[in-house]
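Read through the structure below, which is laid out as structure tokens, and then see the notes.
Residue numbers (this note's numbering): 186 to 255.
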């Protein structure tokens, strides 16, 4: 699994989790998906993603690693 895929899975999981918790527990859990969205937007502009750094430290391959280009 590449770091890019791991970040997408993590972001999607947190968005779904925050939304479900907001519906079932407390509306303040909507802060979680908002935080994820803001982080995704800033990483698109700056190229810096804290989650990607963590995944790389855990041994994930960078995006494009192991892909065959024709």
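We put the CB at the ideal spot given by N, CA and C, even for glycine.
These numbers were taken from a predicted model, which means no experiment stands behind them.
The criterion of a C-beta distance shorter than 9 Å is satisfied by residue 196 and residue 224. Within the model, the alpha-carbon separation for residue 241 versus residue 193 is close to 14 Å. Contact check for residue 248 and residue 188: beta-carbon distance about 6 Å, within the 8 Å limit, so the pair qualifies. For residue 187, DSSP records a beta bridge to 246. Of the residues assessed, residue 232 falls on the exposed side of the cut-off, its CB having fewer than 16 other CB atoms within 10 angstroms.
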